[in-house]
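Participant:
Protein chains: 2
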Amino acid sequence: MGDSLEHLFSPRSVCVIGASRDPEAWGHVLLRNLLNGGFRGRIYAVNPRANEVLGIPCHRSVFELPEEIDLAVIALPSGLVYDAVVECGEKGAKYAIVVSAGFGESGRSDLERKVVQAARARGMRIIGPNCMGIYSSHSDLVSTFTSLVPPRGEISFVSQSGAVGTTVLAWAKEHGVGFSKFVSIGNESDLSIPELLEYFETDDSTKVIALYLESVKDGRRLVSSLSSCTLKKPVVAMKVGVTSAGAAAASSHTGAIAVEDKIIDGVFRQYSVIRARDPAELFRISFAFSSLPIPSGRSAAVVTTGGGWGIECADALEMKGISLPPLPREVFEVADATLPGFWSKRNPIDMVASPDPFNYSRILEAVLKSPEFDMAFLLGFGTIGSIAMPSLIRSEIEAAKSISEIVRATNKPLFVVDMLGPSQSAASRALIKAGIPVFPSSLSAAEAASAMVRYREFRRRKSSRT
Amino acid sequence: MGDSLEHLFSPRSVCVIGASRDPEAWGHVLLRNLLNGGFRGRIYAVNPRANEVLGIPCHRSVFELPEEIDLAVIALPSGLVYDAVVECGEKGAKYAIVVSAGFGESGRSDLERKVVQAARARGMRIIGPNCMGIYSSHSDLVSTFTSLVPPRGEISFVSQSGAVGTTVLAWAKEHGVGFSKFVSIGNESDLSIPELLEYFETDDSTKVIALYLESVKDGRRLVSSLSSCTLKKPVVAMKVGVTSAGAAAASSHTGAIAVEDKIIDGVFRQYSVIRARDPAELFRISFAFSSLPIPSGRSAAVVTTGGGWGIECADALEMKGISLPPLPREVFEVADATLPGFWSKRNPIDMVASPDPFNYSRILEAVLKSPEFDMAFLLGFGTIGSIAMPSLIRSEIEAAKSISEIVRATNKPLFVVDMLGPSQSAASRALIKAGIPVFPSSLSAAEAASAMVRYREFRRRKSSRT
Numbered sequence: 001m002g003d004s005l006e007h008l009f010s011p012r013s014v015c016v017i018g019a020s021r022d023p024e025a026w027g028h029v030l031l032r033n034l035l036n037g038g039f040r041g042r043i044y045a046v047n048p049r050a051n052e053v054l055g056i057p058c059h060r061s062v063f064e065l066p067e068e069i070d071l072a073v074i075a076l077p078s079g080l081v082y083d084a085v086v087e088c089g090e091k092g093a094k095y096a097i098v099v100s101a102g103f104g105e106s107g108r109s110d111l112e113r114k115v116v117q118a119a120r121a122r123g124m125r126i127i128g129p130n131c132m133g134i135y136s137s138h139s140d141l142v143s144t145f146t147s148l149v150p151p152r153g154e155i156s157f158v159s160q161s162g163a164v165g166t167t168v169l170a171w172a173k174e175h176g177v178g179f180s181k182f183v184s185i186g187n188e189s190d191l192s193i194p195e196l197l198e199y200f201e202t203d204d205s206t207k208v209i210a211l212y213l214e215s216v217k218d219g220r221r222l223v224s225s226l227s228s229c230t231l232k233k234p235v236v237a238m239k240v241g242v243t244s245a246g247a248a249a250a251s252s253h254t255g256a257i258a259v260e261d262k263i264i265d266g267v268f269r270q271y272s273v274i275r276a277r278d279p280a281e282l283f284r285i286s287f288a289f290s291s292l293p294i295p296s297g298r299s300a301a302v303v304t305t306g307g308g309w310g311i312e313c314a315d316a317l318e319m320k321g322i323s324l325p326p327l328p329r330e331v332f333e334v335a336d337a338t339l340p341g342f343w344s345k346r347n348p349i350d351m352v353a354s355p356d357p358f359n360y361s362r363i364l365e366a367v368l369k370s371p372e373f374d375m376a377f378l379l380g381f382g383t384i385g386s387i388a389m390p391s392l393i394r395s396e397i398e399a400a401k402s403i404s405e406i407v408r409a410t411n412k413p414l415f416v417v418d419m420l421g422p423s424q425s426a427a428s429r430a431l432i433k434a435g436i437p438v439f440p441s442s443l444s445a446a447e448a449a450s451a452m453v454r455y456r457e458f459r460r461r462k463s464s465r466t
Numbered sequence: 001m002g003d004s005l006e007h008l009f010s011p012r013s014v015c016v017i018g019a020s021r022d023p024e025a026w027g028h029v030l031l032r033n034l035l036n037g038g039f040r041g042r043i044y045a046v047n048p049r050a051n052e053v054l055g056i057p058c059h060r061s062v063f064e065l066p067e068e069i070d071l072a073v074i075a076l077p078s079g080l081v082y083d084a085v086v087e088c089g090e091k092g093a094k095y096a097i098v099v100s101a102g103f104g105e106s107g108r109s110d111l112e113r114k115v116v117q118a119a120r121a122r123g124m125r126i127i128g129p130n131c132m133g134i135y136s137s138h139s140d141l142v143s144t145f146t147s148l149v150p151p152r153g154e155i156s157f158v159s160q161s162g163a164v165g166t167t168v169l170a171w172a173k174e175h176g177v178g179f180s181k182f183v184s185i186g187n188e189s190d191l192s193i194p195e196l197l198e199y200f201e202t203d204d205s206t207k208v209i210a211l212y213l214e215s216v217k218d219g220r221r222l223v224s225s226l227s228s229c230t231l232k233k234p235v236v237a238m239k240v241g242v243t244s245a246g247a248a249a250a251s252s253h254t255g256a257i258a259v260e261d262k263i264i265d266g267v268f269r270q271y272s273v274i275r276a277r278d279p280a281e282l283f284r285i286s287f288a289f290s291s292l293p294i295p296s297g298r299s300a301a302v303v304t305t306g307g308g309w310g311i312e313c314a315d316a317l318e319m320k321g322i323s324l325p326p327l328p329r330e331v332f333e334v335a336d337a338t339l340p341g342f343w344s345k346r347n348p349i350d351m352v353a354s355p356d357p358f359n360y361s362r363i364l365e366a367v368l369k370s371p372e373f374d375m376a377f378l379l380g381f382g383t384i385g386s387i388a389m390p391s392l393i394r395s396e397i398e399a400a401k402s403i404s405e406i407v408r409a410t411n412k413p414l415f416v417v418d419m420l421g422p423s424q425s426a427a428s429r430a431l432i433k434a435g436i437p438v439f440p441s442s443l444s445a446a447e448a449a450s451a452m453v454r455y456r457e458f459r460r461r462k463s464s465r466t
């Protein structure tokens, strides 16, 4: 099954069925995003009542298309979906994304089953219905409701909520988080999360897998694919419908019965699936896995502009099981030679608002080269320039480059915290551009580091057993 | 003591001692921020080696100033601070902000005591040393290291960390959070947090008090002022130095001994001080208290663009003790008449990506007018315009205005969640401008709502006992 998904994520041709001239119709938005996304394959549109939409000539039916298509995107009222699926299948389409709602989630499970049977009988697979499409960065395929898609990267993401999924893409674009593939799976009537996991497990452009789950359709198969997948790649998951109120809301949404949360939690623990509590955490942790080396142990140094930040970070690290050993002599000496006399003289290294941004790279180099430390945390870098001394911004950006080189050279992870957020500081933006994630708080950075440490320990335990 | 602080927050004249021509010196940044902030009183500068800085003529010493000053800002190396304080005191200054470090926090408690004694003997009070200044929005007094200050509002904020405090101001500006007064208290050598609490308790332009604490100097007096203050105004506090690593870092930072965290936690619970876990949470909760009515009970309706958001929010609310009762008939009927047939038919009200933004205001009006609900949560409003259909943005902004009018008219709080963040969506920016806070996640909104509910219950218990 796995390799056949290549035609889903890298189709040679895509057709939007229900392409609309009305800019407020989903059939318009989907075609526009596909065009604006820069997809390099062939794009077709079907609409029996229009000659063209957005410059694309409209065919009256799928049968009139000049060639077979790999991927059909169906944006029609639910009552018209069955016929469209039959036609796409007969025309040889390999996949159909059914955006339309009005199936299992609103009591029409019969119609949903009929659509899937029609597709399968014709060798076609269905994504959805009741979904928001897919995004495949490496083929510039933007077949989802948002045109605000993130850059290429190595996170592959499956979401049971279209709204959350598409918003996350827009959010990730703003934060510079790179994605490989995104699938809004909707009612998961045919193509399933376990199948996608099996594909991502061997997909070279996927380094980490992110999941947003409301309910579980086939628990046994999900567990089986997680158990195999997590041995090769980290899986980060958010599961909603945890409380009775949430579970009730979930059952009315996708029509599925929510699984007891404790079972999910147990499975996640057993296979070291990292559980995130909200979408932002899901992507911060995924971003860390996709762009930083995994720490080899639990020992950290903290480098900070201000004492308050250092305390907050020390709290967060201790709470997450990461230790702050004393500074070894060689690090102490570099810091003492670099900083004003009233620096903290200990770990956290409080740089007492020392304005020269290259002081950070000097100290980080000593820290990351020291065998005492498995990772470093950097707090407040770039803040002096962005909130107090704009004349420093240029050299902060230069120092950011040198910091990212140190991270690469030492192959140890650096967790950067900028509570202004990456969009506020030029230095943070430069770090993100160089592939170093920036966290909005010490706690969120400590959570990501701790998830990475625990995942490495899980892999070690597993490999020592075999 | 209380009313005398008027001259601190609304001084008639301010003098920067150690004004510098070097744009990378703190004595330059402070004068520049004061000038750019639009302070309406008189501004002086002292620097014996310069004729003028940033267009302000420099005096050789405080004694040469043409009048007495209310507030002196001292940005000199620590060795020169004692003499400057003596001179300011003799010239009649009422307050001196001592920015300079190199006192108690680096083993020079003797020098710190000497400075305070010199000031007190001359009727002057000290803020700091080792602090980052103050901001007083109502008198446009920007006497801190960041020029990026938030708009006027009713949050007053005291921080023991200058770095966190000044960054928070910059962050709050971006998020549209209004502040009344900010004090970076540094080593708290003289003017203390309890004195500030006593002042804010009766200050008309302070509606909520925010604290960022690393250590406690005079526990008895802090408890006594909290016990009085919380009966009148909500106090939201973040306390760092919780773990042993954090406490060790704190003791090297301000030179104070960290108090056992459990004692702090007990005091906070007893007086219903709302404890925040990070600076962003501190200000989200403070913003909610400053701009929304406090809910009268624990019952909420959720209105959402997408089902996934509704489930996440239902989870978050149940976890925080807020209930989602079924929809009363009058609300059901409005929703059913407004929305596509496949809407959720229950609470959360899933609007199934219904694009017309005025549908939100119609449904919110029904929800907030219903006696069944004490508050409402709004998720995904503005998202369709900002990520999929730009043609909707204009009417989303119009609908935002109508939503804020409904909130005002019904006097019930609305918690808006925009996971893109307020800077991403024009609709969210319009809501913030109209005084409605926007939260980045359901969990953070639920935390703020729950803090407000618990505070109201605390006040009720207290008033029923007297």
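For the record, the sequence lines run as chains C and F. So in UniProt numbering, spot 419 of the first sequence is number 419, and the numbers just go up one at a time. So in UniProt numbering, spot 56 of the second sequence is number 56, and the numbers just go up one at a time. For glycine and all other residues, C-beta sits at the position ideal for the given N, C-alpha and C.
1) Nearest chain C C-beta to F358 (chain F) closer than 8 angstroms, yes or no?
2) Tell me, please, which residues DSSP counts as bridged to E52 (chain C).
3) Can you give me the C-alpha to C-alpha distance between Y95 (chain F) and A409 (chain F), rounded to a whole angstrom?
4) How about S391 (chain F): is its C-beta nearer than 8 angstroms to some C-beta of chain C?
5) Along chain C, which residues have their Cβ under 7 angstroms away from the Cβ of Q117 (chain F)?
6) Looking at C-alpha atoms only, which residue of F:V242, F:M389 and F:P293 is the closest neighbour of P234 (chain F)?
7) From the beta carbon of T206 (chain F), is the nearest beta carbon of chain C less than 8 angstroms away?
8) So what's L76 (chain F) in DSSP terms, helix, strand or just coil?
9) Kindly indicate which residue of F:W26, F:R21, F:G18 and F:S10 has the alpha-carbon position closest to the one of V352 (chain C).
10) Give me the chain C residues within the contact set of P151 (chain F), using Cβ-Cβ distance strictly less than 8 angstroms, ordered along the chain.
11) Determine, using beta carbons only, whether V29 (chain C) and M389 (chain F) come nearer to each other than 8 angstroms.
12) Considering Cα atoms alone, identify which of F:Y199, F:V240 and F:E281 is closest to K262 (chain F).
13) What residues are listed by DSSP as bridge partners for Y212 (chain F)?
14) Please list the partners that P440 (chain C) has in chain F, where partner means a Cβ-to-Cβ separation under 8 angstroms.
15) According to the Cβ coordinates, are S323 (chain C) and A210 (chain C) closer than 8 angstroms?
16) Do you know offhand how far P114 (chain F)'s Cα is from D278 (chain C)'s?
17) Answer yes or no: does any C-beta atom of chain C fall closer than 8 angstroms to that of S244 (chain F)?
18) Should A445 (chain C) be flagged as near chain F, meaning a C-beta pair shorter than 8 angstroms?
19) Select from the segment 310–328 of chain C all residues with a C-beta closer than 7 angstroms to any C-beta belonging to chain F, and list them in chain order.
20) Can you name, in chain order, every residue of its own chain whose Cβ lies under 6 angstroms from the Cβ of F458 (chain F), other than the five neighbours on each side?
21) Three-state secondary structure (DSSP) at L148 (chain C)?
22) Consider the Cβ of S161 (chain F): report whether some Cβ of chain C lies at a distance smaller than 8 angstroms.
23) Using C-beta distances below 7 angstroms, list every residue in its chain close to S136 (chain C), excluding the 5 sequence neighbours before and after it, in chain order.
24) Who are the neighbours of residue 532 (chain F) on chain C, taking C-beta pairs under 8 angstroms?
25) If you run the structure through DSSP and keep just helix, strand and coil, what is P382 (chain F)?
26) Leaving out the 5 sequence neighbours to the left and right, which residues in its chain are closer than 6 angstroms to I264 (chain F) when beta-carbon positions are compared?
27) Could you check if K232 (chain F) is buried or exposed, using at least 16 other CB atoms within 10 Å of its CB as the buried criterion?
28) Is there a Cβ of chain F sitting closer than 8 angstroms to that of D308 (chain C), yes or no?
29) Determine the contact status of F342 (chain C) and S106 (chain F), defining contact as a CB-CB distance below 8 angstroms.
30) Any C-beta of chain C sitting closer than 8 angstroms to the C-beta of V407 (chain F)?
31) Tell me which same chain residues have a C-beta within less than 6 angstroms of the C-beta of L191 (chain C), skipping the five on either side of it?
32) For a test of the three-state rule: what should DSSP assign to S354 (chain C), helix, strand or coil?
33) On a CA-only basis, which of C:S463, C:M452 and C:I406 is nearest G435 (chain C)? Give me that one, please.
34) Counting only beta-carbon separations shorter than 8 angstroms, does A448 (chain C) have a partner in chain F?
35) Buried or exposed: T202 (chain F), going by 16 or more other Cβ atoms within 10 Å of its Cβ?
36) Could you tell me whether any Cβ in chain C is nearer than 8 angstroms to the Cβ of T305 (chain F)?
Facilitator: Reading it off the structure:
1) no
2) C:P57
3) Taking the straight line joining both Cα atoms gives about 44 angstroms.
4) yes
5) Near Q117 (chain F) there are no residues of chain C at all, since even the closest Cβ is about 22 angstroms away, more than 7 angstroms.
6) F:P293
7) no
8) coil
9) F:W26
10) Under the 8 angstroms cutoff, chain C gives no residues; its nearest Cβ is about 16 angstroms from P151 (chain F).
11) yes
12) F:V240
13) F:S159 and F:M238
14) A280
15) Not a contact, by the Cβ cut-off of 8 angstroms.
16) Contrary to the premise, residue 114 (chain F) reads as Lys rather than Pro in this sequence. Distance between the alpha carbons of K114 (chain F) and D278 (chain C) is about 51 angstroms.
17) yes
18) For A445 (chain C), not one C-beta of chain F is nearer than 8 angstroms to its own C-beta.
19) Answer in chain order: G310, I311, E312, A314, D315, L317, E318, M319 and L324.
20) S272
21) coil
22) yes
23) F9, S10 and K181
24) Nothing can be reported for residue 532 (chain F): it is not among the residues displayed for chain F, which extend from 1 to 466.
25) The displayed chain sequence assigns Gly, not Pro, to residue 382 (chain F). Note: G382 (chain F) maps to coil in three-state DSSP.
26) K239
27) exposed
28) The question names Asp, yet the displayed sequence has Gly at residue 308 (chain C). Closer than 8 angstroms to some Cβ of chain F, the Cβ of G308 (chain C) qualifies, so yes.
29) Yes, the Cβ-Cβ distance between F342 (chain C) and S106 (chain F) is below 8 angstroms.
30) no
31) R125 and I127
32) coil
33) C:I406
34) no
35) exposed
36) yes
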